[in-house]
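**Q** Sequential numbering from 8 applies to the sequence shown in the working numbering.
Every residue, glycine too, gets a C-beta built ideally from N, C-alpha and C.
The structure is given below, and queries will be raised subsequently.
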Amino acid sequence: MATANESLYSQSWGPLDTLQAIPGPLEKPVPYFITAFLLFIFYFSVQQEKPSIASNAPMLAPKPRWDFTGLKVKYDFAVFGRAVMIWRARQKPDEPYQVNTETGELTILPPIPYANEIRNHDDLSFDRVLDKKWGSLGENGNAHMLVQNFHAYLPGFEPLREKNPYKPALKHVIRTRLTQFLAKLTVPMTDETTKALNDIVGDDQEWKPLVVKQNMVKIVARVSTRIFGGEELARNDKWLKITSEYARTAFFASELLRIFPKSIRFVVHQLNPFSWKLQGQMNDARRIINPIVAKRRQAKKAAEDAGEDEPEYNDCLEWCEEASEEPIADPAVPMLGLSFAAIHTTADVVTQSMIDLARNPEYFDVLRKEIGDVIRTDGWNKMGLYKMKVLDSFLKEVQRINPISMAAMHREATKPVTLSNGLELPVGARITVSCQQMWSSQVYPDPQRFDAYRYLRLRERLGAGNDGAAHFVSTSPEHLGFGHGQHACPGRFFAANEIKIILCHLIMKYDWRLTGGDYKPKTTTFGLTNETDAKATVEIRRREIDVSPKA
């Protein structure tokens, strides 16, 4: 049986390995004079940078005096941040500390007691952080960058703007409609999963290689798009390519911009090849989705004029229209915003689940029995997914060992705050909570071992009605995979169902195993962010006997 050591400590250290997944705008080199011009501007403007606002917690690896640009400490945290956090949690697990991150000084708090202390603190604002972030709509995932560093004010980054006219409608859709309609979304998701697997994985009964991450991104993009924008968008290959690549393009575009002072980033943006690609994706998305929205509006108008019932579209695109005070003028913005927040984080969990199952093949038969029994009894519905308790426990263990981020609960002080143990936070200080309890031996027996039954046993100990903390979607200081408190990831209920549906189909329809050789999948780290190995490959085949669940 595999141990968590293979995931926690056997990993790729970030930028160099991550570059292998660059989406392609640098196939033609930037002219030398542009590079020289950028470096010239950079050299003469680094003095304009303002220092970050800090707490009184001790600073690990402070910036050397000679590092006047701050690039060394930013690079060190990007590459070694995960290792530093694991080391610190072992040495002084109960003490806060500061680090110099790629986005400035950040105070990292241990989850006990701070997770519950700050979860609803009036003077520690999640919205203030969100106003400066990537635009993610929840605490989980990679949402720990500031928008002044993720540049949401620049063309191409529109879906990441927190202050956009579609924000209230989009929040309403995620927090309310997606959850309310979960029961009605199960069958469309399983239908799209079936089609996507047939098209992408195929039905070969001979072993063949499958690069897991890139194919799971394609599958998740199709299933998510079916719910976000309807069946027509889910069949549009160009739209699926945009939604699959937009997040990564935005990441690399802003990583390049981030090394330059804020005062010149607008100029650099005009010369950044990733920014060119990003703006092209934004414009292409508009050309695809605007005619679809126009056609829907025309169909509704025609039905109204004829005195007939208007056609119904049970998807997020329609719900955003309904929740908006006026017709949405730029529907590509909320739709790409949804895709940005959902596709790669969901695909990451599915990918890691496939890798962990390949490492621990003894769970295949148990999961197949549970899935088959539930589908035969309940069919494809929300309650049936809820009854898959082994699968639920398995997924929570996957997330425990390999969360998408090393920290959660990002906040910014809006007033001077003194927390317990005397930690002082001036106005503007940024804090986050470490996920270290998820690997603590004081919380979890033998925490380095992958144990798919860990949370199933916890359910049984807590008893029916009191076992909420053991569910995949639940949050606590001991498990911050979806954040914690009132700002925990609002889309986690939808994401959990989508992940379960995709895995049900994969487990029932396919066998897979790790490829031979010395290579082992590694977690890539970049600052606080963890990402499954983009190069991880399995051998997969369609099962000879079709025992796939039927809707």
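Nearest to residue 361 by CA position, among 435, 190 and 540, is which residue?
**A** Of the listed residues, the one whose Cα sits closest to residue 361 is 540.
**Q** Taking the alpha-carbon positions, what's the residue 449 to residue 235 distance?
**A** Their Cα atoms are separated by approximately 41 Å.
**Q** Helix, strand or coil for residue 424, going by three-state DSSP, please let me know.
**A** Three-state result, residue 424: strand.
**Q** What do you reckon, are the CB atoms on residue 475 and residue 181 nearer than 7 Å?
**A** No.
**Q** Alpha carbon to alpha carbon, what distance is there between residue 462 and residue 402?
**A** Cα-Cα distance, rounded: 10 Å.
**Q** Of the residues 420, 454 and 477, which one's Cα is nearest the Cα of residue 398?
**A** Looking at the Cα atoms, 477 is the closest of the given residues.
**Q** Quick one: grab the DSSP three-state call for residue 215.
**A** Strand at residue 215.
**Q** With DSSP collapsed to three states, give me the class of residue 493.
**A** Residue 493: helix per DSSP, three-state reduction.
**Q** Report the option in 125, 121, 307 and 496 whose CA atom is closest to the CA atom of residue 411.
**A** Answer by Cα proximity: 496.
**Q** Between which two residues does the alpha helix (DSSP H) holding residue 505 run?
**A** Note, residue 505: alpha helix (DSSP H), 499–516.
**Q** Give the DSSP bridge partners of residue 386, in chain order.
**A** Bridge partners of residue 386: none, in fact.
**Q** Tell me, please, which residues DSSP counts as bridged to residue 414.
**A** Per DSSP, 441.
**Q** Please list, in chain order, all residues of the same chain as residue 222 whose beta carbon is under 8 Å from its beta carbon, the five residues on each side excluded.
**A** So the qualifying residues of the chain are 207 and 208.
**Q** So, at 8 Å on beta carbons, what are the nonlocal neighbours of residue 460 in its own chain, with the 5 sequence-adjacent residues on each side left out?
**A** Around residue 460: 397 and 400.
**Q** Give the straight-line distance between the Cα atoms of residue 66 and residue 119, rounded to the nearest whole angstrom.
**A** So the alpha carbons of these two residues sit roughly 20 Å apart.
**Q** Please determine, among 133, 442, 250 and 428, the residue with the shortest C-alpha to C-alpha distance to residue 102.
**A** It is 428 whose Cα lies nearest to the Cα of residue 102.
**Q** Quick check on this structure: which residue in 177, 121, 196 and 127 has the alpha carbon closest to the alpha carbon of residue 502?
**A** Out of 177, 121, 196 and 127, 196 has the C-alpha closest to the C-alpha of residue 502.
**Q** Which residues in the same chain have their Cβ closer than 6 Å to the Cβ of residue 387, if we skip the five residues on either side of it in sequence?
**A** Taken in chain order, the residues that qualify are 193, 194, 197 and 558.
**Q** Should residue 441 be labelled buried (16 or more other beta-carbon atoms within 10 Å of its own) or exposed?
**A** Residue 441 should be labelled buried.
**Q** For a quick check, are the C-beta atoms of residue 369 and residue 395 less than 7 Å apart?
**A** No, Cβ-Cβ distance for residue 369 and residue 395 is not below 7 Å.
**Q** Between residue 283 and residue 371, what straight-line distance do the alpha-carbon atoms span, to the nearest angstrom?
**A** Their backbone Cα atoms lie some 45 Å apart in a straight line.
**Q** Which value, in whole angstroms, describes the spacing of the CA atoms of residue 332 and residue 175?
**A** Going by the C-alpha atoms only, they are around 10 Å apart.
**Q** Please work out which residues of its chain come closer than 6 Å, Cβ to Cβ, to residue 289, disregarding the five sequence neighbours upstream and downstream, and give them in chain order.
**A** Same-chain partners within the cutoff: 163.
**Q** In the DSSP assignment, the alpha helix (DSSP H) including residue 107 goes from what residue to what residue?
**A** It is not in any alpha helix (DSSP H) - residue 107 instead sits in the beta strand (DSSP E) that spans 104–108.
**Q** Got a sec? Which residues, its chain only, sit under 6 Å from residue 89 by beta carbon, not counting five neighbours each side?
**A** So the qualifying residues of the chain are 413 and 532.
**Q** Cα separation between residue 494 and residue 341?
**A** Going by the C-alpha atoms only, they are around 20 Å apart.
**Q** Return the chain-ordered list of same chain residues with a C-beta closer than 6 Å to the C-beta of residue 465, the five sequence neighbours on each side being excluded.
**A** Excluding residues within five positions, the ones whose Cβ falls inside 6 Å are 477.
**Q** Which of the three DSSP states, helix, strand or coil, is assigned to residue 537?
**A** Three-state result, residue 537: strand.
**Q** Determine the extent of the alpha helix (DSSP H) in which residue 238 is found, giving its start and end residues.
**A** Here the alpha helix (DSSP H) through residue 238 covers 238–241.
**Q** Output the distance between the C-alpha atoms of residue 63 and residue 270, rounded to the nearest integer angstrom.
**A** So the two alpha carbons sit approximately 29 Å from each other.
**Q** Measuring alpha carbon to alpha carbon, tell me which of 405, 256, 380 and 535 ends up nearest residue 166.
**A** Considering only alpha carbons, the answer is 256.
**Q** What residue ranges within the region 299–365 form continuous alpha helix (DSSP H) runs of no fewer than 4 residues, ordered along the chain?
**A** DSSP runs (the alpha helix (DSSP H)) wholly in the region 299–365: 323–330.
**Q** Can you list, in chain order, the residues of its chain with a C-beta nearer than 8 Å to that of residue 548? Leave out the 5 residues immediately preceding and following it.
**A** Closer than 8 Å at Cβ, skipping near neighbours: 211, 212, 213, 214, 215, 517, 518 and 519.
**Q** If you draw a straight line from the C-alpha of residue 485 to the C-alpha of residue 243, how long is it?
**A** Cα to Cα, residue 485 sits roughly 41 Å from residue 243.
**Q** If residue 126 sits next to residue 416, beta carbons under 8 Å apart, how far is it from one beta carbon to the other, in whole angstroms?
**A** Rounded, the Cβ-Cβ distance is 7 Å, consistent with contact.
**Q** When the Cα atoms are used, what is the spatial distance from residue 313 to residue 320?
**A** Rounded to whole angstroms, residue 313 to residue 320 spans 19 Å at the Cα level.
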